[in-house]
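S.K.: One structure follows; several queries about it will come next.
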Amino acid sequence: MAVFKINVNGQAHSVEAEPDMPILWVLRDLIGLTGTKYGCGIGECGACSVLIDGQDARGCQTPISDVGNKKITTIEGLSKDGSHPLQKAWIEHDVPQCGYCQAGHIMSAAALLHKTPNPTDAQIDEALGSHICRCGTYVRMREAIKVAARGGK
Amino acid sequence: MSLLKDLRIGGLEESGRDTAKGLSRRSFLGLVGGVGASFALGSFTTAACASPNGHPHGEAAANGKDAPFAPNAFLKIDPDGTCTVTVSKSDMGQGIRTTFAMLVAEELDADWSKVRVTQAPGDSATYGGEGTGGSSSTRSMHGKLRAIGASARAMLIAAAAKKWGVDPAACKTDAGKVIGPSGQTLTYGQLTTLAQAIPVPTGVQQKDKSQFKIIGTPRSRLDNHDYATGKAMYAQDVHVEGAVHAVCLRAPAFRGSIAKVDDSAARKIPGVIDVIPLGDKIAVIATNTWSALKGRDALNATWNNPTEDVSTATLHDALVKAVGDHLEMPAGAKVIEATFDLPYLAHATMEPLNAVADVREDRAEIWIGAQGPDSVQQDAAGATGLPIEKVVVHNMLLGGGFGRKGGGDFGGEAVDLSKRLKKPVKLLWTRQCDMQHDDYRPMSHHSLKAAVDAEGNPVGWSHQLMQAPGGRGRGFGGARVNIEIPNAGMKEGGVDTPVPTGAWRSVENTQINVVNECFVDELAHAAGKDPFEFRRDHMKDERLKKVLETAAEKASWGTPLPAGSGRGIACFNNYGSRIAHVVQVTVKGNDVKIDHCVAVVDVGTAVNPRGVEAQVQGAFMDGVATALKAGITIEKGGAVQSNWDTYPWARMADAPAKMEVYVMDSGADFGGMGELGYPSSVPAIANAIFAATGKRVRKFPAKIEELV
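First to last, the sequence lines map onto chains C and E.
Heads up, the first sequence is in the numbering used here, so the first residue is 1 and it goes up one at a time.
Heads up, the second sequence is in the numbering used here, so the first residue is 154 and it goes up one at a time.
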């Protein structure tokens, strides 16, 4: 066990963990942020996606020892009140069905919009291509991302 | 329509600890009642009404404050006007929480912006059967829920009329207000205390469909904000003080058992607390999930495997052998024959199976996302020896269900571990456990024979559905084909197998309708007819014909397409609803691209057309995944596939650029939806592949390179 100081959603946390503990479990079990989900444990579904210094990252594939001073953003920290353009579009366009994968999709979409403010369908498909939504909400997700990119219109 | 009787009983309600935070919940005075003849009336005063999010359903009328109006266990109106509907069926993504709220709110004339939902605990004594499946929730509950709304509205009117000293018949309601004869208004929130004192009326008139303001209008899901902000609570998200984490290593083969286990390395993993051999599995208990997972990986186990000779190949051979004689086809008719093969399918819910249990000597508390929370309560009472009212089951949101999450196995496992450890336990099935120890949609082999006469009319149909597992020796029954065919029958049978199977979204229709709609297409081709016209011309069911015709029209059926592209059509009739799909694909090399999907659906009266659209869109992606990608195969008595890398599901790029869903209102009664969208998706895709390539898909998932 070692003590790690990490920054999550702008807050400093000190956690005692094995260095190989993926941040998925650090967030869920040690810090109590449960919006980030376990879906596969092998980086194949994207349910655990978070931002690390604004980059799309898989929580289940990122050991805490790799994080260092980088800033982690989870769904809980994307906005204070659900007001991020993607969250608003998600709500407005009724994207979620079971909801379990949605945080991961939203976080990767946030990383996409940061780099590519007006993505095409192909760019969306590529950026979110390593995610799975088992309810099949893809068509509405694509639309919501484009609406968010247009500033909610 | 069931009439409400005066069932209100006051009672002190005590439930155990609150949900997520482990706080001790206040006792509260609640007026709760049962509704309708199907609810047992003796025990509802002990109903545990805690919701997954910790909102109690009723609160004390204390300190002179207004009390909530809670005419029964399903509805509460607070003095601030908030209307809370307690939902007795599980939401696994189908949006039933919003649907049920709409049904109550319609008859209540509620202000929709003030409508909230809370989830009923596992408790069939209070809420009636809570099993969620078979697209039955709306069909089984709309009458009761509308009656609850109508009755509460009548009580609110009576309360206002009494206060005003006017005739209740001269009052009306709108958006959470009672409006008196001279235009005076009182909000429902202002009437709660008075309404609570009004006897529950009987025989309250419900609205005519023409008066609906909420039912039939597209409404956003009430849970959207929670889903989009990470606040939605699934079982594994609850924090229970002192809980340990458990994962299991399971026998690689079905019906396997532990031969030998060396847990010395596992016990050395920091955080691992215990290793418990449990017959067919080994549980690793740890202070956190990661330590449990590492401990599991460090186990050195060998297993007894009594089913080593079971494989997809051996099962397929056995199923082919099980096919018997077909029905006779009429003499002189043109006869076609084909066989189809469908694999086992895993449910692979996005949220792997999990449950949290806290079994104490005098009570038990369980957090689970289950399609049968009432059975979970009953099972836990049996397993712990506790009286049923001492078992509180918090039914959380389900991260997908599709038929897998009755709750018996994973709920029972968590209860068993907590009972053994005398601690709260958070049990998580890994994705591998979830996929390799599923109750699969059965593998099946289909042999079909059908015939058309010289004019191209269908004159015979014989379908033998052999599945593993499947019953033996049954004769021919109804063919369940969507067109009228004389001399048609289907015989079901199969072989025994240790492979566990269960309901998978749309159950047997995933086999019967998929294969029938593929083979009807072949029969149309044999008749020299257009597959849409052939179906339409031989279809008796007017509702089905209407959705079929509309789908063809909306998809511009018959207009030319580029080489390599094709359109396929298919339909389905069940659950009181009808659906038709037209799918357009382009086949390039071995890749199939879904260009366009049109679906037309008639669920009778759609409660929430926006939700219906979502279900059709989602079920179509199940169709894409299982038509083209995913299947479970068996080797050495166990499932080969273990995660999304080997069980490839549909991803964003597999979704068509255009998916048009048309919700038709046929005026028929409320029909089912959750299961409706799948069984015509797969054959529409397969038939489109034929239109594009001239080759028939007869084995799923389809591999273009193998088509002949």
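Even for Gly, the Cβ is constructed at its ideal location relative to N, Cα and C.
(1) For the 8 Å Cβ check, are there 3 or more pairs between the region 621-639 of chain E and the region 660-669 of chain E?
(2) Less than 6 Å between C-beta atoms, sequence neighbours within five positions excluded: which residues of the same chain meet that for Thr-739 of chain E?
(3) Alpha carbons only, please: which of E:Gln-364, E:Gly-356, E:Ala-263 and E:Asn-441 is nearest the one belonging to Asp-327 of chain E?
(4) Under a Cβ-count criterion, where at least 16 other Cβ atoms within 10 Å of its own Cβ denotes burial, should Ala-523 of chain E be classed as buried or exposed?
(5) Exposed or buried, what is Ser-363 of chain E when buried is set at 16 or more other beta-carbons lying within 10 Å of its beta-carbon?
(6) So that I know if they touch, is there some Cβ in chain E lying closer than 7 Å to that of Pro-119 of chain C?
(7) Can you give the beta carbon distance from Val-568 of chain E to Ala-517 of chain E, rounded, assuming they're within the 8 Å contact cut?
(8) Could you confirm whether any beta carbon from chain E is found closer than 7 Å to the beta carbon of Met-21 of chain C?
(9) Answer yes or no: does any C-beta atom of chain C fall closer than 7 Å to that of Tyr-380 of chain E?
(10) Can you tell me whether Ala-491 of chain E is helix, strand or coil according to DSSP?
(11) What's the gap between the Cα of Ala-867 of chain E and the Cα of Gly-776 of chain E?
(12) Expressed to the nearest angstrom, what Euclidean distance is found between the alpha-carbon atoms of Ala-783 of chain E and Asp-125 of chain C?
(13) Identify the residues that DSSP records as bridge partners of Met-812 of chain E: which are they?
(14) Pull up the CB-CB distance for Ala-385 of chain E and Val-437 of chain E, whole angstroms please, since I reckon it's below 8 Å.
(15) So which residues of chain E does Cys-48 of chain C contact, with C-beta pairs closer than 9 Å?
(16) Using 7 Å as the threshold, is the C-beta distance between Ala-350 of chain E and Val-331 of chain E below it?
(17) Show which residues of chain C have a CB atom less than 8 Å away from the CB atom of Glu-828 of chain E.
(18) Can you tell me where the beta strand (DSSP E) with Ile-722 of chain E in it begins and where it stops?
(19) For His-616 of chain E, go through chain C and note every residue whose CB falls closer than 7 Å to its CB, in chain order.
(20) Can you pull out the residues from the region 676-696 of chain E whose beta carbon lies closer than 7 Å to at least one beta carbon of chain C?
(21) Just the C-alpha distance for Lys-575 of chain E and Arg-513 of chain E, rounded to the nearest angstrom, thanks.
(22) Cutting at 7 Å between CB atoms, please list the residues of its own chain near Leu-30 of chain C, excluding the five before and the five after it.
(23) Check the Cβ-Cβ distances between Asp-125 of chain C and every residue of chain E, and say whether any is below 7 Å.
(24) Can you give me the C-alpha to C-alpha distance between Tyr-138 of chain C and Arg-804 of chain E, rounded to a whole angstrom?
(25) Would a check of beta-carbon distances place Pro-762 of chain E closer than 7 Å to chain C?
(26) When the Cα of Ala-808 of chain E is compared with those of E:Ala-603, E:Ser-834, E:Phe-253 and E:Thr-786, which residue comes out closest?
(27) With DSSP as the reference, please indicate the residues paired to Val-745 of chain E in a beta bridge.
(28) Using the Cα positions of Ala-193 of chain E and Met-549 of chain E, report the straight-line distance between them to the nearest angstrom.
(29) Evaluate Gln-617 of chain E with the Cβ neighbour count: other Cβ atoms within 10 Å of its Cβ, from every protein chain shown; 16 or more gives buried, anything less gives exposed.
(30) Classify Pro-63 of chain C as helix, strand or coil using the three-state DSSP reduction.
(31) Got a sec: is the Cβ-Cβ distance from Ala-385 of chain E to anything in chain C below 7 Å?
(32) Could you give the distance in angstroms between the alpha-carbon of Ala-396 of chain E and the alpha-carbon of Val-529 of chain E?
(33) Are any of the Cβ atoms in chain A nearer than 7 Å to that of Glu-859 of chain E?
(34) Under DSSP, the beta strand (DSSP E) around Arg-633 of chain E begins and ends at which residues?
(35) Distance check for Leu-676 of chain E and Thr-712 of chain E, CA to CA, integer angstroms please.
(36) Who are the neighbours of Ser-833 of chain E on chain C, taking C-beta pairs under 7 Å?
M.R.: This is what the structure holds:
(1) yes
(2) Walking along the second sequence from the start, residue 739 of chain E turns up at place 586. These residues qualify, in order along the chain: Gly-717, Ser-718, Lys-746 and Asp-748.
(3) As a working mapping, residue 327 of chain E is identified with position 174 in the second sequence. Minimum Cα distance to Asp-327 of chain E is reached at E:Ala-263.
(4) Here residue 523 of chain E corresponds to residue number 370 of the second sequence, with the count starting at 1. Per the 10 Å Cβ criterion, buried.
(5) One-based indexing of the second sequence puts residue 363 of chain E at position 210. Its Cβ having fewer than 16 others within 10 Å, Ser-363 of chain E is exposed.
(6) Locating residue 119 of chain C in the first sequence gives position 119, counting from the first residue. No, Pro-119 of chain C does not count as interfacial toward chain E.
(7) Within the second sequence, numbered from 1, the residue matching residue 568 of chain E stands at position 415. Within the second sequence, numbered from 1, the residue matching residue 517 of chain E stands at position 364. Yes, Val-568 of chain E and Ala-517 of chain E are in contact; Cβ-Cβ is about 7 Å, under 8 Å.
(8) As a working note, residue 21 of chain C is residue 21 in the first sequence. By this cut-off, Met-21 of chain C is an interface position.
(9) In the second sequence, residue 380 of chain E corresponds to position 227, counting from 1. Closer than 7 Å: yes.
(10) As a first step, residue 491 of chain E is located in the second sequence; it is residue number 338 there, counting from the start. Looking at Ala-491 of chain E - three-state DSSP - the assignment turns out to be strand.
(11) Examination of residue 867 of chain E is not possible in this model, given that chain E is present from 154 through 861 alone.
(12) Taking the first residue of the second sequence as 1, we reach residue 783 of chain E at position 630. Taking the first residue of the first sequence as 1, we reach residue 125 of chain C at position 125. C-alpha separation (whole angstroms): 20 Å.
(13) Locating residue 812 of chain E in the second sequence gives position 659, counting from the first residue. Answer is E:Cys-750, bridged to Met-812 of chain E.
(14) Indexing the second sequence from 1 puts residue 385 of chain E at position 232. Indexing the second sequence from 1 puts residue 437 of chain E at position 284. Not quite, the Cβ-Cβ distance comes to about 28 Å (not below 8 Å), so this is no contact.
(15) Counting from one through the first sequence, the residue named residue 48 of chain C turns up at place 48. Simply none; closest approach about 12 Å.
(16) On the second sequence, position 197 is the one that residue 350 of chain E refers to. On the second sequence, position 178 is the one that residue 331 of chain E refers to. Contact: no.
(17) For the purposes of this step, residue 828 of chain E is identified with residue 675 of the second sequence, where counting begins at 1. By Cβ distance, chain C contributes nothing, its closest Cβ being about 14 Å from Glu-828 of chain E, past 8 Å.
(18) As a position in the second sequence, residue 722 of chain E is number 569, starting the count at 1. It spans 718-727 - the beta strand (DSSP E) in which Ile-722 of chain E sits, taken as one unbroken run.
(19) Here the question's residue 616 of chain E lines up with position 463 in the second sequence. Neighbours of His-616 of chain E on chain C: none; closest Cβ ~29 Å, over 7 Å.
(20) none
(21) The count along the second sequence starts at 1 and reaches residue 575 of chain E at position 422. The count along the second sequence starts at 1 and reaches residue 513 of chain E at position 360. Rounded to the nearest angstrom, the two C-alpha atoms are 7 Å apart.
(22) Counting from 1 along the first sequence, the entry for residue 30 of chain C is found at position 30. Contacts found: Val-15 and Ala-17.
(23) Locating residue 125 of chain C in the first sequence gives position 125, where the first residue counts as 1. For Asp-125 of chain C, the answer is yes, since a Cβ of chain E falls inside 7 Å of its Cβ.
(24) As a first step, residue 138 of chain C is located in the first sequence; it is residue number 138 there, counting from the start. As a first step, residue 804 of chain E is located in the second sequence; it is residue number 651 there, counting from the start. Distance between the alpha carbons of Tyr-138 of chain C and Arg-804 of chain E is about 8 Å.
(25) Locating residue 762 of chain E in the second sequence gives position 609, where the first residue counts as 1. Closer than 7 Å: no.
(26) Residue 808 of chain E sits at position 655 when you count from the first residue of the second sequence. Residue E:Ser-834 is the option with its Cα nearest to Ala-808 of chain E.
(27) In the second sequence, the residue the question calls residue 745 of chain E occupies position 592. Per DSSP, E:Val-740.
(28) To locate residue 193 of chain E, count along the second sequence from 1; it is residue 40. To locate residue 549 of chain E, count along the second sequence from 1; it is residue 396. Legend: pLDDT at Ala-193 of chain E = 25, less than 50; position of this residue unreliable, no value from coordinates given.
(29) Counting from one through the second sequence, the residue named residue 617 of chain E turns up at place 464. Label assigned to Gln-617 of chain E: buried.
(30) The sequence position of residue 63 of chain C within the first sequence is 63, counting from 1. Pro-63 of chain C falls in the strand class under three-state DSSP.
(31) Locating residue 385 of chain E in the second sequence gives position 232, where the first residue counts as 1. True, the Cβ-Cβ gap to chain C drops below 7 Å.
(32) Residue numbering aside, residue 396 of chain E sits at position 243 when the second sequence is read from its first letter. Residue numbering aside, residue 529 of chain E sits at position 376 when the second sequence is read from its first letter. Cα-Cα distance, rounded: 20 Å.
(33) Judged by its chain identifiers, the structure shown contains no chain A, and its protein chains are C and E.
(34) Here residue 633 of chain E refers to the residue found at position 480 of the second sequence. Note, Arg-633 of chain E: premise wrong, no beta strand (DSSP E); not H, not E.
(35) The sequence position of residue 712 of chain E within the second sequence is 559, counting from 1. The sequence position of residue 676 of chain E within the second sequence is 523, counting from 1. One C-alpha to the other measures close to 22 Å.
(36) As a working note, residue 833 of chain E is residue 680 in the second sequence. Simply none; closest approach about 15 Å.
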